[in-house]
Amino acid sequence: MRRTGLPARDLRILDPLLSYPSTILGRERAIVINLEHIKAIITAQEVLLLNSRDPSVIPFVDELQRRLARRYHATTKAQEGNVDDSNWTNLYDLEEPQSRPASPLSSGGGFSQFEDREEDGKSDAKQGNDNRDGLKLPPFEFVALEACLEAACSCLENEARTLEQEAHPALDKLTSKISTLNLERVRQIKSRLVAITGRVQKVRDELEHLLDDDEDMAEMYLTDKLVQEHLEGSSTSSMNEGEGVEDEVVPSDMEERIGAEISLEEHGNPEAYEGDHLFHTPNVLRRDSHGTQISTTCSAISKDLDVEELEMLLEAYFVQIDGTLNKLSTLREYVDDTEDYINIMLDDKQNHLLQMGVMLTTATLVVSAFVVVAGVFGMNIHIDLFKPEKAGLQEFLWTVGGGATGSIFLYVVAIAWCKHKRLLE
């Protein structure tokens with residue numbers, strides 16, 4: 002906390018035991034990064050990485066080392082006067098430079114440390130960022146911040162691509178055959194999709210929040226603030242030395258002025274000197290205030306340009322993470338369309354089952370009517386039809402055949418009426 006000037010609540014964001022969403026905080030002397038698996042503190046001269054030995058973080062550590070080594074190499078070339086445009090254009094190349102310095106990695110405590118190894122301190126850091134042709138190297142904290150953003154965005158994009166490759170075959174297989182196994186696979190894919198979408202949305206919202214707030218972006222210019230503090234300290238010491246010299250000069254100046262006034266009074270024109278002296282002092286004050294105003298204006302313009310530079314950096318990764326979010330949204334729409342298609346298929350099968358139920362119910366009703374006829378003849382009541390001289394095989398066949406024919410006729414009429422009313426297809 003003493004080293005970075007961060008309060009405890011900001012360090013709590015980096016606690017691996019607590020589940021905090023993706024966050025980028027710009028403070029007075031440091032930038033707190035909590036993006037997916039990357040938890041780091043970036044200062045103007047070093048990067049403190051919390052979980053550097055995590056297998057998922059090791060590729061990021063290697064990439065960060067390469068970028069910082071390239072920046073150190075390019076800055077050294079600029080300080081030596083051997084400025085080549087290729088040093089600036091190849092700062093983010095994937096290949097290793099031929100004259101790569103030793104690795105700037107050293108571990109201490111719970112953090113891994115990456116230091117900006119410029120030998121001449123703060124003044125050389127400012128000199129190393131600008132070369133003679135106006136080309137500018139990104140500050141140390143921007144190189145580290147860009148590495149963090151690229152690692153987080155690439156990780157999310159790879160997960161989204163892997164999920165997309167797994168989702169399309171599973172969804173196509175489900176549309177061809179609806180089964181419990183296929184439904185379970187799609188359910189797991191949908192759960193992963195919701196989780197990844199939430200993580201991507203949080204990173205996108207964080208970048209959008211930074212882009213909307215210029216003050217937060219201005220807080221991330223740690224190198225500029227460090228150089229400004231150094232210059233203010235130098236100017237303050239110069240002013241203190243100037244005040245000491247002025248205190249020594251003023252008495253002699255006053256003696257000369259008093260002597261001059263006495264001499265002028267003797268010649269009868271004391272107002273001429275006094276008027277000239279009073280006119281000269283406001284000129285000096287006005288010149289100093291004008292110079293201060295110009296310096297303040299130039300600093301404000303420079304800060305606006307710096308914010309624009311960081312804004313361009315953040316916009317690049319905002320576009321990348323927004324593209325990942327759009328890809329996930331497209332996949333989510335495909336999943337929703339598949340679900341709608343499955344629901345339509347299930348509804349169609351349900352309609353067929355309902356039609357089958359209507360037909361079976363109608364057949365049951367007709368058979369019940371025939372059973373009623375059989376029940377009527379089964380009553381133990383003596384009628385003329387049961388007399389031996391009238392009862393026979395012919396009468397039995399006519400009765401059974403007539404009842405069956407009537408039942409079939411009633412069934413056909415009922416089905417025709419249902420189709421007429423469009424209850425059946």
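Following the numbering used here, the numbering of the sequence shown begins with 2 at its first residue and continues without gaps.
Where a beta carbon is used, it is the ideal one built from N, C-alpha and C, also for glycine.
Taking L150 as the centre and dropping the five residues before and after it, the same chain places the C-beta of Y318 closer than 6 Å to its C-beta, in chain order. Collapsing the DSSP output to three states places T24 in a strand. A straight line joining the alpha-carbon of N344 with that of G404 spans about 44 Å.
Boundaries of the beta strand (DSSP E) around I34: I32 to L36. Between the C-alpha atoms of R28 and S20 there is a straight-line separation of about 21 Å.
A41 has I34 and L50 as its beta-bridge partners, per DSSP. Of the residues assessed, D225 falls on the buried side of the cut-off, its CB having 16 or more other CB atoms within 10 angstroms. About 15 Å separates the Cβ atoms of V367 and L425, ruling out a contact at the 8 Å cut-off. Unbroken alpha helix (DSSP H) runs of no fewer than 4 residues, entirely contained in the region 354-421, are found at 394-421, following chain order. Annotation for Q202: L326 place their beta carbon closer than 7 Å to its own, counting only its chain and skipping 5 residues before and after. When DSSP states are grouped into helix, strand and coil, L138 belongs to the coil group.
For R200, the secondary structure class from DSSP, reduced to helix, strand or coil, is helix. Taken atom to atom, the span from the alpha-carbon of R186 to that of A153 is near 27 Å. Annotation for A415: T363 place their beta carbon closer than 6 Å to its own, counting only its chain and skipping 5 residues before and after. Rounded to the nearest whole angstrom, the C-alpha separation of K328 and R68 is 29 Å.
Using a Cβ distance threshold of 8 Å, N183 and K191 do not count as a contacting pair. Closest option to D214, judged by alpha-carbon separation, among L315, P170, D338 and L15: L315. In summary, M221 is buried, with 16 or more beta-carbon neighbours lying within 10 Å of its beta-carbon over all protein chains present. The Cβ-Cβ distance between L211 and A45 does not fall below 8 Å.
If you look at T77, you'll find it in the alpha helix (DSSP H) that goes I59 to E81. Assigned with DSSP and collapsed to three states, G6 falls in coil, not helix or strand. Remark: C-beta atoms of I322 and R200 do not approach each other more closely than 8 Å. Between E64 and A148, the beta carbon gap of about 6 Å places them in contact (Cβ cut-off 8 Å). When the alpha-carbon of L194 is set against those of L208, H74, T331 and P140, the nearest one is in T331. Residue environment: T237 is assigned as exposed (fewer than 16 neighbouring CB atoms within 10 Å of its CB, all protein chains considered). In this chain, the alpha helix (DSSP H) harbouring D217 covers D215 to A219. In this structure, L7 and A31 form a Cβ contact; the two beta carbons are roughly 6 Å apart against a cut-off of 8 Å. Exposure of E216 is indicated by the presence of fewer than 16 other C-beta atoms within 10 angstroms of its C-beta.
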